[in-house]
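Peer 1: Numbering (mature numbering (1 follows the signal peptide of the UniProt record, and there is no 0)), first residue to last: -19 to -1, 1 to 583. Submitted below is the structure of interest, expressed as structure tokens.
Structure representation (structure tokens):
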């Protein structure tokens, strides 16, 4: 009975002690998190002495450092090192004490002792580096890993650990060096390398650093394709697409490749509107002959790249006629099928807007509607395109009829909203302002942001400029100019816009006229005129609904066409600050951060 009582008392005492430990632990963590390090240190010392748990040690040690009890920390650590000579974390902590106390030579000696006393064990070296990292001795963490690499004679050892530390330190030179060391054996790291480097690089100087290192590697080891792929990426980041293409072609010839990397890169060129460079890439692939599996896809994409040049106004009428013939050849050779529908639609667009052959364009689209197996969405889009042709042939009521058919068939869907907006726009062209506004008001709630924004602009244009007879008559001329621009008659549209103020002085359309003219100048590539017009709009029409649009358009021109990113950055910042609700805000923020050198991928 006495024995049972003694055991019970011992068990009860143990539970009380455990409960007390839990209370002390919770209180110690609370003090530590509240930066009350004096109080935390008292409890953590008690917990560490009782348990020898290293988790308590790190918090206890850090608390001592925070309250600058360096002597107490030093004495504790010397005692622990004597008791546990193989525990390198204590030697590191001692070095940290010396470092904090300004005893740098002693700190370095303690750190180096920890590194030199580490046995040839991969886990031990990694544990050592982690301990250095936790104590913010990052250079020593690197040294430990490099020493481990040297011990094993393996240059691929600890790659991920070193990359992580170099990235944290933003040590661009060593980050580049480590990736170039790792990539030949780990080509799957390429995508990570591109993402990480773009996140730490701040300007072209950093990319030049990468370029120099890569060119040296390629000179020594020209067969390592991953180097050329990274160099190509580097040129693309700097928008030097021609140099990227040159590297790709050189690599393809050297490795006798199938052209796949070139084909994929040409898609990148097209996405960045480097259509001429994309065309050269596709033309190179075609030199491999019809037996190459990329021959037909490259031929189609080549024609499409030429189409983009035509739409951008960068090739002449004769070249556009040749392009139309090439689309016709695709349709003749492969027939009119769902797979060749893209060629039919683009052919119709060229016929209508660039070759001024509206009858052929209409006939081509009518043929498209007869193609078997195409989706309802394709039929709806062709009908919308056909409605546009009706506007060009001065059949606005036919256009409205077609648009309304599509809008009804695809109610509350993006294609249906697009058709309804176009119907509203035609009603605006023909002067039925009330009906146009009622349609625009409905579309302001569209889930498609672009359509909602266009509808809002149309609604505001109508409500702001129907206050007087003078404004209403001026608005009718403005609608005529918009229709002329839709018909691709830019000179006539500009002439009409210029005549509005002459016919109806002091009208309320000045900001709308300036924005319309700026858009025409951008489309016709009259960049200087576009810049002047946009600046006039921004400075003289400060309450206009077009200011955010004008700011973004001007910034885009400065960044992409006039190579003036710093001025563009100022405009993007102005847009973000003054118009936080603008649909351009997200893109402006992305571009602003990109110019500033932030990591836009995270």
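Heads up, the beta-carbon is just placed ideally off N, CA and C, and yes, glycines get one too.
1) Taking the C-alpha atoms as reference points, what is the distance between residue 132 and residue 76?
2) Would you mind reading off the limits of the alpha helix (DSSP H) that contains residue 243?
3) On the three-state DSSP scale, how would you describe residue 386?
4) How should residue 112 be labelled, buried or exposed, when 16 other C-beta atoms within 10 angstroms of its C-beta is the threshold for buried?
5) Output needed for residue 517: all residues of its chain with C-beta closer than 8 Å, excluding positions within five of it in sequence on either side, in chain order.
6) Could you compute how far the alpha carbon of residue 587 sits from the alpha carbon of residue 255?
7) What three-state label does DSSP hand residue 490 in the structure shown?
8) Taking the alpha-carbon positions, what's the residue 555 to residue 502 distance?
9) Three or more beta-carbon pairs under 8 Å between the segment 349 to 356 and the segment 377 to 388, yes or no?
10) Considering only the alpha carbon of each residue, which of 249, 532, 549 and 504 lies closest to residue 559?
11) Which first and last residues belong to the alpha helix (DSSP H) in which residue 270 is found?
12) Are the segment 508 to 517 and the segment 458 to 475 touching by the rule of at least three beta carbon pairs closer than 8 Å?
13) Residue 321 to residue 314, Cα distance in whole Å?
14) Thinking C-beta only, is residue 159 closer than 7 Å to residue 178?
15) Along the chain, where does the alpha helix (DSSP H) containing residue 569 start, and where does it finish?
16) I need the DSSP call for residue 527, collapsed to helix, strand or coil.
17) Run the CB neighbour count on residue 85, radius 10 Å, all protein chains shown included, and call it buried at 16 or more, exposed below.
18) Could you compute how far the alpha carbon of residue 505 sits from the alpha carbon of residue 294?
19) Exposed or buried, what is residue 602 when buried is set at 16 or more other beta-carbons lying within 10 Å of its beta-carbon?
20) What runs of the beta strand (DSSP E), each 3 residues or longer, lie entirely inside the segment 75 to 126?
21) Does the segment 243 to 255 come within contact of the segment 217 to 231, defined as at least 3 CB pairs closer than 8 Å?
22) Could you tell me if residue 404 is buried or exposed, where buried requires 16 or more neighbouring beta carbons within 10 angstroms of its beta carbon?
23) Grab me the residues of residue 188's own chain with a C-beta within less than 7 Å of its C-beta, minus the 5 sequence neighbours each way, in chain order.
24) Give every residue of the same chain whose Cβ lies closer than 8 Å to the Cβ of residue 26, excluding the five residues on either side of it in the sequence, and list them in chain order.
25) State the DSSP-derived secondary structure class of residue 50, mapped to helix, strand or coil.
26) Mapping the DSSP letters down to three states, classify residue 563 as helix, strand or coil.
27) For a minimum of 4 consecutive residues, which ranges assigned as the alpha helix (DSSP H) are wholly contained in the segment 313 to 374?
28) Please check the pair residue 350 and residue 360, which I expect to be a contact at CB under 8 Å, by giving their CB distance rounded to whole angstroms.
29) What does the alpha-carbon distance come out to for the pair residue 186 and residue 192?
30) Taking the straight line between their C-alpha atoms, what separation do you get for residue 396 and residue 564?
31) With residue 206 as the anchor, note down where its alpha helix (DSSP H) starts and where it stops.
32) Evaluate contact between the segment 264 to 278 and the segment 299 to 311, counting only Cβ atoms and requiring at least three cross-stretch pairs below 8 Å.
33) Between which two residues does the alpha helix (DSSP H) holding residue 393 run?
34) For residue 4, does the count of other Cβ atoms within 10 angstroms reach 16, so buried, or fall short, so exposed?
35) Excluding the five sequence neighbours on either side, which residues of its own chain have a C-beta within less than 7 Å of the C-beta of residue 162, listed in chain order?
36) Is it buried or exposed for residue 426, if we count other Cβ within 10 angstroms and need 16 for buried?
Peer 2: Considering the structure as presented:
1) Indexing the chain shown from 1 puts residue 132 at position 151. Indexing the chain shown from 1 puts residue 76 at position 95. If you take the alpha carbons of residue 132 and residue 76, they lie about 23 Å apart.
2) Within the chain shown, the letter at position 262 stands for residue 243. Where residue 243 is concerned, the enclosing alpha helix (DSSP H) stretches over 241 to 252.
3) Counted from its first residue, the chain shown places residue 386 at position 405. In the structure shown, the three-state DSSP call for residue 386 is helix.
4) For the purposes of this step, residue 112 is taken as the residue at position 131 of the chain shown. By the beta-carbon neighbour count (other beta carbons within 10 angstroms, threshold 16), residue 112 is buried.
5) On the chain shown, position 536 is the one that residue 517 refers to. A distance below 8 Å between beta-carbons, with the five flanking residues on each side excluded, links residue 517 to the following residues of its chain, in chain order: 495.
6) Coverage of the chain is limited to positions -19 through 583, which leaves residue 587 absent and any answer about it impossible.
7) Counting from 1 along the chain shown, the entry for residue 490 is found at position 509. In this structure, residue 490 counts as coil in the three-state DSSP scheme.
8) Position 574 of the chain shown, counting from 1, holds the residue named residue 555. Position 521 of the chain shown, counting from 1, holds the residue named residue 502. One Cα belongs to residue 555, the other to residue 502, and the distance between them is close to 23 Å.
9) Too few Cβ pairs lie closer than 8 Å, so no.
10) Within the chain shown, numbered from 1, the residue matching residue 559 stands at position 578. From the listed residues 249, 532, 549 and 504, the smallest Cα separation to residue 559 is found for 532.
11) Mapped onto the chain shown, residue 270 falls at position 289. Counting along the chain, residue 270 sits inside no alpha helix (DSSP H), nor does DSSP assign it H or E at all.
12) Verdict: no, contact absent.
13) Counting from 1 along the chain shown, the entry for residue 321 is found at position 340. Counting from 1 along the chain shown, the entry for residue 314 is found at position 333. The alpha-carbon separation between residue 321 and residue 314 amounts to approximately 10 Å.
14) The sequence position of residue 178 within the chain shown is 197, counting from 1. The sequence position of residue 159 within the chain shown is 178, counting from 1. Taking the C-beta atoms as reference points, residue 159 is found no nearer than 7 Å to residue 178.
15) Start at 1 with the first residue of the chain shown, and residue 569 comes out as number 588. Its alpha helix (DSSP H) spans residues 566 to 577.
16) Numbered from 1 along the chain shown, position 546 holds the residue referred to as residue 527. Residue 527: coil per DSSP, three-state reduction.
17) As a first step, residue 85 is located in the chain shown; it is residue number 104 there, counting from the start. Its Cβ having fewer than 16 others within 10 Å, residue 85 is exposed.
18) Here residue 505 is taken as the residue at index 524 of the chain shown, counted from 1. Here residue 294 is taken as the residue at index 313 of the chain shown, counted from 1. Each residue's CA atom was taken as its position, placing residue 505 and residue 294 some 7 Å apart.
19) In the structure as shown, the chain starts at -19 and stops at 583, and residue 602 therefore has no counterpart that could be examined.
20) The segment 75 to 126 contains no whole beta strand (DSSP E) run of 3 or more residues.
21) When C-beta atoms of the segment 243 to 255 are compared with those of the segment 217 to 231, three or more pairs fall below 8 Å, so the two segments count as touching.
22) Looking up residue 404 in the chain shown gives position 423. Label assigned to residue 404: buried.
23) Here residue 188 is taken as the residue at index 207 of the chain shown, counted from 1. In chain order, 182, 215, 218 and 219 place their CB closer than 7 Å to the CB of residue 188, counting only its own chain and leaving out the 5 sequence neighbours on each side.
24) Taking the first residue of the chain shown as position 1, residue 26 is located at position 45. Shown here for residue 26: same chain residues with a beta carbon closer than 8 Å to its own, the five before and five after excluded, namely 41 in chain order.
25) Indexing the chain shown from 1 puts residue 50 at position 69. In the displayed model, residue 50 falls within coil according to three-state DSSP, outside both helix and strand.
26) Taking the first residue of the chain shown as position 1, residue 563 is located at position 582. In this structure, residue 563 counts as coil in the three-state DSSP scheme.
27) You should have 322 to 334, 339 to 350 and 357 to 373.
28) Position 369 of the chain shown, counted from the start, is the residue given in the question as residue 350. Position 379 of the chain shown, counted from the start, is the residue given in the question as residue 360. Sure, about 6 Å apart at Cβ, within 8 Å.
29) Counting from one through the chain shown, the residue named residue 186 turns up at place 205. Counting from one through the chain shown, the residue named residue 192 turns up at place 211. Residue 186 and residue 192: Cα-Cα distance of roughly 10 Å.
30) In the chain shown, the residue the question calls residue 396 occupies position 415. In the chain shown, the residue the question calls residue 564 occupies position 583. In this model, residue 396 and residue 564 are separated by some 20 Å (Cα to Cα).
31) To locate residue 206, count along the chain shown from 1; it is residue 225. Annotation: the continuous alpha helix (DSSP H) that includes residue 206 extends over 206 to 218.
32) Judged by Cβ distances under 8 Å, the segment 264 to 278 makes no contact with the segment 299 to 311, as fewer than three pairs qualify.
33) By 1-based counting over the chain shown, the position of residue 393 is 412. According to the DSSP assignment, residue 393 belongs to no alpha helix (DSSP H), since it is labelled neither H nor E.
34) By 1-based counting over the chain shown, the position of residue 4 is 23. Result: exposed.
35) On the chain shown, residue 162 is found 181 positions in, with the first residue counted as 1. Taken in chain order, the residues that qualify are 136.
36) Reading the chain shown from its first residue, position 445 is the one you call residue 426. Answer is exposed; the Cβ neighbour count stays below 16.
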